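Numbering (the numbering used here), first residue to last: 3 to 150.
Think of the CB as a built atom: it goes at the ideal place given N, C-alpha and C, for glycine as much as any other residue.
Since the model is a prediction, treat every value here as computed from it, not as a measurement.
What follows is one structure encoded as structure tokens, with my remarks underneath.
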């Protein structure tokens with residue numbers, strides 16, 4: 003009878019030990035996967051930011067040309083800006099943060115085009131600052147619904 007209790011305890015200890023090892027292994031795998039996902043997301047957000055910064059650099063040059071264009075060439079220059087804004091809408095971001103930044107950039111571009119069409123300064127914002135703010139805010143909030 004004592005031998006059966008001893009075998010039963012030994013079995014329980016072995017089962018608990020195996021369960022513990024399985025739990026630790028699962029935890030390590032989950033942390034590794036999570037870390038890898040965060041690294042991939044960070045790289046993708048950086049790539050989205052680089053793409054959008056390039057777009058804004060080109061955009062600023064086109065805006066300067068449109069603003070300086072002679073009245074008879076202004077409409078064509080603004081047409082180029084509209085095409086560039088449409089191209090931004092067609093760009094496929096890698097991340098939700100990139101999508102948010104793209105959408106905010108497009109809205110700012112439309113505001114800028116409207117301002118140029120009216121030939122009045124209007125309320126325009128710095129497109130680069132809009133992209134940077136959108137990416138920074140979104141990246142800072144990433145994963146909060148999971149962690150909180």
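Which of helix, strand or coil DSSP assigns to residue i
i, result
"residue 93", "coil"
"residue 158", "There is no way to answer for residue 158, as the model of the chain reaches only from 3 to 150."
"residue 126", "coil"
"residue 66", "helix"
"residue 79", "helix"
"residue 71", "coil"
For residue i, the nearest candidate out of the options (CA to CA)
i, options, result
"residue 90", "47, 61, 137", "61"
"residue 58", "71, 83, 40, 23", "83"
"residue 99", "20, 85, 143", "143"
"residue 73", "119, 109, 40", "119"
Contacts around residue i, its chain only, beta-carbon distance under 6 Å, and the 5 residues preceding and following it disregarded
i, result
"residue 106", "132, 136"
"residue 67", "79"
"residue 8", "none"
"residue 111", "87"
Own chain partners of residue i with C-beta closer than 7 Å, once the 5 adjacent residues on each side are dropped
i, result
"residue 96", "46, 49, 50"
"residue 77", "none"
Close-in-space but distant-in-sequence residues of the same chain around residue i (CB under 8 Å, 5 per side omitted)
i, result
"residue 14", "none"
"residue 55", "130, 133"
"residue 44", "141"
With contact counted as at least three CB pairs below 8 Å, one residue from each stretch, are the segment 124 to 139 and the segment 72 to 89 in contact?
no
Just checking, does the segment 47 to 60 make contact with the segment 97 to 111 on the three C-beta pairs under 8 Å criterion?
yes
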